[in-house]
Each structure stands twice: as C-alpha cells, then as structure tokens.
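Structure first, then comments.
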Amino acid sequence: MRLLKLIAFLVVAALIALVGYAYFGDMAADSRQMRVPVELDLDLPAAAPAAATPAPAAPASDTPDEPSDPDALD
Numbered sequence: 001m002r003l004l005k006l007i008a009f010l011v012v013a014a015l016i017a018l019v020g021y022a023y024f025g026d027m028a029a030d031s032r033q034m035r036v037p038v039e040l041d042l043d044l045p046a047a048a049p050a051a052a053t054p055a056p057a058a059p060a061s062d063t064p065d066e067p068s069d070p071d072a073l074d
C-alpha cells in the first residue's frame, strides 16, 4: 500500500512539474533572419495579342436559373 501511495505521489508531482514547465519554461524560438531567393513561374505567354476580341456573350433565357424566392416550396 505504501508503494502505491509513493507511485501516485510521483505521478502527481510529475504532472505538476510538467504543467509548471509548460507555463514558466523558456520555449521561445530563436529568431534569425533568412533570405531565400524565390523564382515565380506564372506561365504567362510571351506577348499578349494587342487587339484581342472578347468572347461573345451567352444569349439570355426567359427562365431564370435560380428561383426568385429562395424560401418558396416546389
């Protein structure tokens, strides 16, 4: 029975020590400056055409795609 009490006391003491270290321990990261070159590959064409024509607009339909009242029941 004494051994069980000793083990329980050591477990509780270890948990208290862990919580104390988590709150008061020095866990700040060491800051250092890093310079890394970055190359951006944007997949842009070499030269865009000067007089690009816009795409034709889709014809308007008489029936809307979405219902006018979102709370309406079908």
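Going by UniProt numbering, the residue at position 33 of the sequence shown is 33; the numbering climbs one at a time, nothing skipped. No residue lacks a Cβ here, since even glycine has one placed at the ideal position from N, Cα and C. Computed from a predicted structure; not experimentally measured.
Asked, Found
"Would you kindly work out how many angstroms separate the C-alpha atoms of Arg35 and Phe9, rounded to a whole number?", "50 Å"
"Taking DSSP as the reference, what is the three-state secondary structure of Ala55?", "coil"
"List the endpoints of the continuous alpha helix (DSSP H) containing Gly20.", "2–24"
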